[in-house]
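A short write-up of the structure that comes next.
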Amino acid sequence: MDKKYSALKLNIFDKFKCKGGTCVQTCCSGWRIDINLNEYEKIAERNRFGKSLDSFFTDFEIAGKKKKIIALNKDGSCPFLDNNKLCALQLKCGEEFLPKTCRIFPRITLMCGDVFEKTLSTGCEEVVRLLLDEKDGLALEEEKSISRGKVFKYINGLAFNINENAIKDRPALSCWFDIQFLGLSILMDRSYTIEQRMLLLGMAMIHIDEFEKKGRTIEIPTYINAFLENVCGGKLKEQLSGFTKNEDLKVKTVISQAAILFYYGERESDIFDYIEKKLEIEKVNISNVNKGTGENEKVYCSFSINPEYNKETYNKCEEFYKNFIKDKEYFFENFMVANYLFLYIPFKNRKLSIFDNYRMFAALFTTFKFCIATYMDNTKTTDDLIYLTVAVSRTLVHNNRLTERANEILNAADVKTLAQLAILL
Ligand code: SF4
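Plus 1133 on top of the position in the sequence shown (first one is 1) and you've got our numbering.
Shown next, in the form of C-alpha cells:
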C-alpha cells in the first residue's frame, strides 16, 4: 500500500470509552438493530447460546433487501444483554461477531480522497458527558500516515465515501473540506450568539446552494474565504439584528415540528409527553370520513400545525433558557459542531439541496433549543441534560428520514426562506 492515508479525528474521539453495564441509556435498548445476512450466518456458525437463533432475530425487508433485525425483549432491551447489561454475543463469540451497528456505535467514519474523518454520535451518554467537559470547544486533530491495519478497519466501517462517483453526482462535494471549514469556523465563533451563528451558516449555505445550482462550484472556495473574512470578529452582528422576530409564530411552529419529529422518531421518548403536559399543548381530534358510511370517524388525537399552549408557562421557560445558556452556550455549540460532522452537513440527504439540508440542521437546532427551554428547569440536573440530549439525538439525528420530515414540516408551516427560518432560531 504505497498511498499514504491520514485521518482527522474529533479531539474527544480517543477519550471515549464505553460505559458498558453502568450505562443508563444503553444503546443496546430501545431502537431497531439491523444486521445483514452475512453477519447473521457468521453468528449462526458460532451459536453458543444453547437455543435456536430464531429467538434472537426476526426477518425484515428494506427496499426489497432481506435482512434480520434483533428481536428486542418486551422492555425494548437486546436479548443478547446479560444480567450485568454486558453483551453475551461479544463475551461468548468475540467482538468480530458483533453486527457492524454494534461494533461501530457511537463512532462514525467518513472518507474524502485519502483522508478519513472520525467523529462521534451525541446519541451516546458518554459522548455527551465528554461534550460537557469541553468548555473550550471541539476541534479536529490530524493523525498522519495511519497504518495499513487501521486503513482496512476504517474502510470496513465507512458511513460515507466522498469518491469520484459521489462528486460526479454532487459536484459541490469537491469542496467538502472548504464547506466543513466554513461550518466549524462559524459554529465556533464565540463573538456571535449561537442563534446568530446558525443564521450566518444559513446565509452562506444559500449562496453555496446557488453556486451548485448554477454549475459554478469552482467558485465556492473563494466565496467561503471572503465570507469568513467578513464574519470573523463579529463584523456582521449589526446585519443580523435586521431579521424580524415573531415569538408566537416561532413557538407554535417549533411545537408542531418537535411533536411530529418525536412522533416519527426512531424510538419511544417520554420527553415530548412531559413537555406537552407542562405547556398544556392543545391537541386536536383528527378524523377520517368512513368511505362506506360517509360518517366521520374519530381516528386519533394529534397536534395541529398551529397549537395553542400556556403562554405564561412558556415565558417562564424562555426566562430559564436565557439563564441556562449563559454558562452552557459552549455545550450547545459542541452539540451542533458534533452533529454538523456526524450528519455531514449539508450532504446528509444527497437527493435534497444544500439549503434543504441546512433547513434540517436548523430544525435540529430549534427542536433541541425548545426541548432545553421546556424540559429542563431549576429542579433538573446535569444527568437530566444528558438524558435529554441523548433522547433528542436518538429520536432525530439517528432518524434516517429526518431531512425529509423536517423539510415537510417547514414547508407545511411555509418556512421556506432564511428570513422565515430566522424567526424560529
Ligand atoms: S450508549 Fe455509549 S456508553 Fe452506553 S453502552 Fe452504548 S456505546 Fe456504551
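All C-beta atoms, glycine included, are put in the ideal place defined by N, C-alpha and C.
Nothing here was measured: the structure is a model prediction, and the numbers come from that model.
Can you give me the C-alpha to C-alpha distance between Ala1506 and Phe1189, rounded to a whole angstrom?
Numbered from its first residue, the sequence shown carries residue 1506 at position 373. Numbered from its first residue, the sequence shown carries residue 1189 at position 56. In a straight line, the C-alpha of Ala1506 is about 40 Å away from that of Phe1189.
Whole-angstrom C-beta distance between Ala1495 and Thr1386, which should lie under 8 Å:
Taking the sequence shown and counting its residues from 1, the one referred to as residue 1386 is at position 253. Taking the sequence shown and counting its residues from 1, the one referred to as residue 1495 is at position 362. Not really, about 12 Å apart at Cβ, beyond 8 Å.
What residues does ligand 1 have around it, judged by CB closer than 5 Å to any heavy atom, in chain order?
What you get when you keep residues with a C-beta closer than 5 Å to any heavy atom of ligand 1 is Cys1151, Lys1152, Cys1156, Thr1159, Cys1160, Cys1257 and Glu1259.
Tell me whether Arg1240 sits in a helix, a strand or coil according to DSSP, three-state version.
Against the sequence shown, residue 1240 aligns to sequence position 107. In the structure shown, Arg1240 sits in a strand (DSSP, three-state: E or B).
I need the DSSP call for Phe1501, collapsed to helix, strand or coil.
Here residue 1501 refers to the residue found at position 368 of the sequence shown. Helix, per DSSP.
Cβ-based neighbour list, Ile1176, same chain, cut-off 6 Å, excluding 5 preceding and 5 following
Reading the sequence shown from its first residue, position 43 is the one you call residue 1176. Same-chain partners within the cutoff: Phe1230.
Do Cys1235 and Ser1162 have their beta-carbon atoms positioned less than 8 Å apart in this structure?
For the purposes of this step, residue 1162 is identified with residue 29 of the sequence shown, where counting begins at 1. For the purposes of this step, residue 1235 is identified with residue 102 of the sequence shown, where counting begins at 1. Using a Cβ distance threshold of 8 Å, Ser1162 and Cys1235 do not count as a contacting pair.
According to DSSP, is Gly1335 part of a helix, a strand, or is it coil?
Within the sequence shown, the letter at position 202 stands for residue 1335. Helix.
Taking contact to mean 3 or more Cβ pairs, one atom from each stretch, closer than 8 Å, check whether the stretch 1468-1480 and the stretch 1279-1291 are in contact.
Contact check between the stretch 1468-1480 and the stretch 1279-1291: fewer than three CB pairs, one atom from each, fall below 8 Å, which does not count as touching.
Is the beta carbon of Cys1257 sitting closer than 8 Å to the one on Val1530?
Walking along the sequence shown from the start, residue 1257 turns up at place 124. Walking along the sequence shown from the start, residue 1530 turns up at place 397. Between Cys1257 and Val1530, the CB-CB gap reaches or exceeds 8 Å.
State the DSSP-derived secondary structure class of Lys1175, mapped to helix, strand or coil.
Here the question's residue 1175 lines up with position 42 in the sequence shown. For Lys1175, the secondary structure class from DSSP, reduced to helix, strand or coil, is helix.
Quick check: the Cα distance between Arg1330 and Leu1320, rounded to an integer number of angstroms?
On the sequence shown, residue 1330 is found 197 positions in, with the first residue counted as 1. On the sequence shown, residue 1320 is found 187 positions in, with the first residue counted as 1. The straight-line gap from Cα to Cα measures roughly 6 Å.
Hey, would you say the C-beta of Leu1551 is under 7 Å away from at least one heavy atom of ligand 3?
Here the bound small molecules are ligand 1; ligand 3 is not part of this structure.
In chain order, which continuous runs of the beta strand (DSSP E) of length 3 or greater are located wholly inside the stretch 1297-1332?
Fully enclosed beta strand (DSSP E) runs of 3 or longer: not present.
Continuous beta strand (DSSP E) stretch holding Phe1190: start and end
Here the question's residue 1190 lines up with position 57 in the sequence shown. Element bounds for Phe1190: Phe1190 to Ile1195.
Of the residues Lys1301, Leu1205, Met1336 and Ala1539, which one's Cα is nearest the Cα of Gln1372?
Translated into the one-based positions of the sequence shown, residue 1372 becomes position 239. With distances taken between Cα atoms, Gln1372 lies closest to Met1336.
So, are the CB atoms of Ile1542 and Asn1379 less than 8 Å apart?
Sequence index remark: in the sequence shown, residue 1542 carries index 409 (1-based). Sequence index remark: in the sequence shown, residue 1379 carries index 246 (1-based). Asn1379 sits away from Ile1542, with the two beta carbons spaced by 8 Å or more.
Would the beta-carbon of Leu1141 fall within 8 Å of that of Val1248?
The sequence position of residue 1141 within the sequence shown is 8, counting from 1. The sequence position of residue 1248 within the sequence shown is 115, counting from 1. Yes, the Cβ-Cβ distance between Leu1141 and Val1248 is below 8 Å.
Give the straight-line distance between the Cα atoms of Asn1144 and Ala1272, rounded to the nearest whole angstrom.
Against the sequence shown, residue 1144 aligns to sequence position 11. Against the sequence shown, residue 1272 aligns to sequence position 139. A straight line joining the alpha-carbon of Asn1144 with that of Ala1272 spans about 5 Å.
Buried or exposed for Asp1489, please, with buried defined as at least 16 other CB atoms from any protein chain shown within 10 angstroms of its CB.
Counting from 1 along the sequence shown, the entry for residue 1489 is found at position 356. Classification of Asp1489: buried, given that the 10 Å Cβ count is 16 or more.
Output the distance between the C-alpha atoms of Cys1226 and Arg1179, rounded to the nearest integer angstrom.
Taking the first residue of the sequence shown as 1, we reach residue 1226 at position 93. Taking the first residue of the sequence shown as 1, we reach residue 1179 at position 46. Roughly 7 Å separates the two Cα atoms.
Under 8 Å between C-beta atoms of Ile1312 and Cys1245:
Within the sequence shown, the letter at position 179 stands for residue 1312. Within the sequence shown, the letter at position 112 stands for residue 1245. No, Cβ-Cβ distance for Ile1312 and Cys1245 is not below 8 Å.
Residues near Lys1277 in its chain [Cβ-Cβ closer than 7 Å; skip 5 each side]:
Along the sequence shown, read from residue 1 onward, the residue named residue 1277 stands at position 144. When the five nearest sequence neighbours on each side are left out, the beta carbons in the same chain lying within less than 7 Å of the beta carbon of Lys1277 are those of Ser1139, in order along the chain.
Tell me which residue opens and which closes the alpha helix (DSSP H) that Asn1294 is part of.
Position 161 of the sequence shown, counting from 1, holds the residue named residue 1294. Premise fails: Asn1294 lies in the beta strand (DSSP E), Leu1291 to Ile1295, not in any alpha helix (DSSP H).
Compare the C-alpha of Thr1242 against each of Asn1289, Ala1391, Lys1347 and Arg1303 and name the closest.
Within the sequence shown, residue 1242 is the residue found at index 109, counting from 1. Ranking Asn1289, Ala1391, Lys1347 and Arg1303 by Cα distance to Thr1242 puts Asn1289 first.
Rounded C-beta distance between Glu1345 and Ile1519? I'm assuming under 8 Å.
Along the sequence shown, one-based indexing puts residue 1345 at 212. Along the sequence shown, one-based indexing puts residue 1519 at 386. Contact between Glu1345 and Ile1519 fails: their C-beta atoms lie close to 38 Å from each other, not under 8 Å.
Nearest CA to the CA of Leu1170: which residue from Lys1148, Phe1193, Leu1315 and Gly1153?
Walking along the sequence shown from the start, residue 1170 turns up at place 37. It is Phe1193.
The beta strand (DSSP E) with Thr1252 in it runs from where to where?
For this step, residue 1252 is matched to residue 119 along the sequence shown. Here the beta strand (DSSP E) through Thr1252 covers Val1248 to Leu1253.
Determine the direct distance from the alpha carbon of Leu1474 to that of Lys1137, and round the result to whole angstroms.
Here residue 1137 corresponds to residue number 4 of the sequence shown, with the count starting at 1. Here residue 1474 corresponds to residue number 341 of the sequence shown, with the count starting at 1. Spanning the two alpha carbons is a distance of roughly 23 Å.
Per DSSP, the bridge partner or partners of Glu1276:
Counted from its first residue, the sequence shown places residue 1276 at position 143. Bridge pairing for Glu1276: Ala1140 [DSSP].
With a 10 Å radius around its C-beta and 16 neighbouring C-beta atoms as the bar for buried, classify Ala1359 as buried or exposed.
Translated into positions along the sequence shown, residue 1359 becomes position 226. Here Ala1359 is exposed: its Cβ has fewer than 16 other Cβ atoms, across all protein chains shown, within 10 Å.
Thinking C-beta only, is Leu1333 closer than 8 Å to Ile1404?
The sequence position of residue 1404 within the sequence shown is 271, counting from 1. The sequence position of residue 1333 within the sequence shown is 200, counting from 1. Result no, Cβ atoms of Ile1404 and Leu1333 do not sit closer than 8 Å.
Could you pull the DSSP bridge partners for Leu1108 from this structure?
For the chain, the structure presents residues 1134 to 1558; residue 1108 sits outside this window and is missing.
Closest by C-alpha distance to Phe1498, when choosing among Asp1269, Ala1552, Val1470 and Leu1263
Residue 1498 sits at position 365 when you count from the first residue of the sequence shown. For Phe1498, the nearest C-alpha among the options comes from Val1470.
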